[in-house]
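Notes for the one structure printed next.
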Amino acid sequence: MSSQLNKNIIFTLAYFSAMHYPLTLFELWRNLLQTNNGREKYSFREVKNAIVDKKILSKVKQKNGMLFLKGDEKLVKERSIAHKLSITKLKRLKAWAKIFGLVPYVRGVFLTGTLSMKNAKLNSDWDVLMVLSKGRIWLGRFFLAITLQLIGKRRHGKKVKERFCLNHYITDNGLILEEHNEFSANFVSTSIPILGGKIYKKFLQMNEFWIQGIKTNYIKEEISKDNVESLERVGIKKRIQEVTEKILEKTGIAKTANDFVRRVMVKKIKQNPKTYWKNADIRYSETALIFLPKPHRITILEKTKRRLADLK
């Protein structure tokens, strides 16, 4: 049995353990993380055979079809509860997300984080990746913030539960993520399109190559033509958005407002103490805006390392 495969299995289970997420055998195979720089693929049969290897059995346990590291049995029940809760939360999110079709310069809305993994907690927020029109990322962000503030669904301060967390934006000409690591790979591969089926297909396609260097068994989600069309703006919403953007562009308001909002926001970012916190991930450009004072990827990786150390 491949020692590298064994390492990959243990690391993958430890990584998902850090997210309180035991895996089925199929999920383990599909999400298998590389612990070296290779791109070697392992078949489902190889992974299935590996988990009964003596070296693996001493560290990996199984219950109700879920695989987890020794000592993590409680995660099985946690995932079951979180899954049921997530289904309800997802329905509510989709109902509120319909408003995004009206917001100028919004091209796509992709659900990410614990809810996209069906692993949400009772008081968790709604993490979304927003795709905005090229050249209008600052103005698009402004319109989004105002819209969600008006309907009481923007996360801020202690108001977190079932509110949209606006901390990650990209443009439709900057769909390839800058960071290529386990967290980013999971971020993309578990995302769910809420609006913008066509741009979502392009997003997956453009990030597929580097993800396969981390999750070698990853295959981008195939979305049917009907599903793609169902995620596009239609009817009155599409018309309102198009007319609003046309007026803003033809009058020159869009460029002036985008430049103004950029200056104001950059100044606020530079003056915010959180920007300078240790490990903070604060990035801003014409193709991406990221506001993560405490990046989850660092916390998860630290927990993974501690979990691996516990096994030794």
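Counting the sequence shown from 1 gives a position; the working numbering is that position plus 749.
C-beta: ideal position from N, C-alpha, C; glycine also.
- Message: Please identify the residue among 798, 799, 761 whose C-alpha is closest to the C-alpha of residue 817.
- Response: 761
*Label residue 1026 either buried or exposed according to how many other C-beta atoms from any shown protein chain fall within 10 Å of its C-beta, with 16 as the threshold for buried.*
exposed
Report task. Using 10 angstroms around the beta-carbon of residue 945, count the other beta-carbons present and answer buried if the total reaches 16, otherwise exposed. Result -> buried
Margin query: Beta-carbon within less than 7 Å of residue 810's beta-carbon, same chain only, minus the 5 sequence neighbours each way: which residues are those?
Written below: 817, 819, 822
Given this structure, state the Cα-to-Cα distance separating residue 783 from residue 965, to the nearest angstrom.
7 Å
Strand pairing of residue 811, partner residues [DSSP] = 816
Going by C-alpha distance, which of 917, 862, 815, 858 is nearest residue 835?
862
- Query: What are the residues that DSSP puts in a beta bridge with residue 903?
  - Reply: 913
For residue 929, which residues of its own chain have a beta-carbon under 6 Å away from its beta-carbon, when the five flanking residues on both sides are left out?
959
Review point. Within 10 angstroms of its Cβ, does residue 917 collect 16 or more other Cβ (buried), or is it exposed?
Key: buried
3-residue-minimum beta strand (DSSP E) runs that sit fully inside the region 798-868, ordered along the chain: 809-812, 815-818, 855-860
>> DSSP three-state label for residue 781, please.
In response: coil
Exercise. Of all the options 875, 856, 857, 871, which has the alpha carbon lying nearest to the alpha carbon of residue 865?
Worked result: 875
Practice item. Measure the alpha-carbon distance for residue 737 versus residue 1046 and round it to whole angstroms. Key: This structure cannot speak to residue 737, because the chain is shown only from 750 to 1061.
message = Let me confirm a value: residue 1000 is counted as buried when at least 16 other C-beta atoms fall within 10 Å, else exposed. Which label applies?
response = exposed
Whole-angstrom Cβ separation of residue 1041 and residue 1029, contact assumed at under 8 Å? 7 Å
Between the CA atoms of residue 985 and residue 827 - distance to the nearest angstrom = 42 Å
| query | In terms of residue numbering, what span does the beta strand (DSSP E) encompassing residue 921 cover? | reply | Note, residue 921: premise wrong, no beta strand (DSSP E); not H, not E.
Practice prompt. Tell me, to the nearest whole angstrom, how far the beta carbon of residue 769 is from that of residue 824; I am working on the premise that it is less than 8 Å.
Written response: 6 Å
- Task: On the DSSP bridge assignment, give the partners of residue 879 in chain order.
- Result: 858, 918
Only counting runs of 3 or more residues, tell me where the beta strand (DSSP E) segments fall wholly within the region 989-1058, in order along the chain. 1030-1033, 1037-1041
Buried versus exposed, by CB contacts within 10 Å (16 or more), residue 767:
With a threshold of 16 other beta carbon atoms within 10 Å, residue 767 meets it and is buried.
> The alpha helix (DSSP H) with residue 953 in it runs from where to where?
Replying inline: From DSSP, the alpha helix (DSSP H) with residue 953 extends over 946-960.
Check your understanding: Nearest-angstrom Cα distance between residue 950 and residue 934?
Key -> 16 Å
Practice problem: Could you tell me whether the Cβ atoms of residue 980 and residue 919 are closer together than 9 Å? | Solution: Residue 980 is not a Cβ neighbour of residue 919, given a cutoff of 9 Å.
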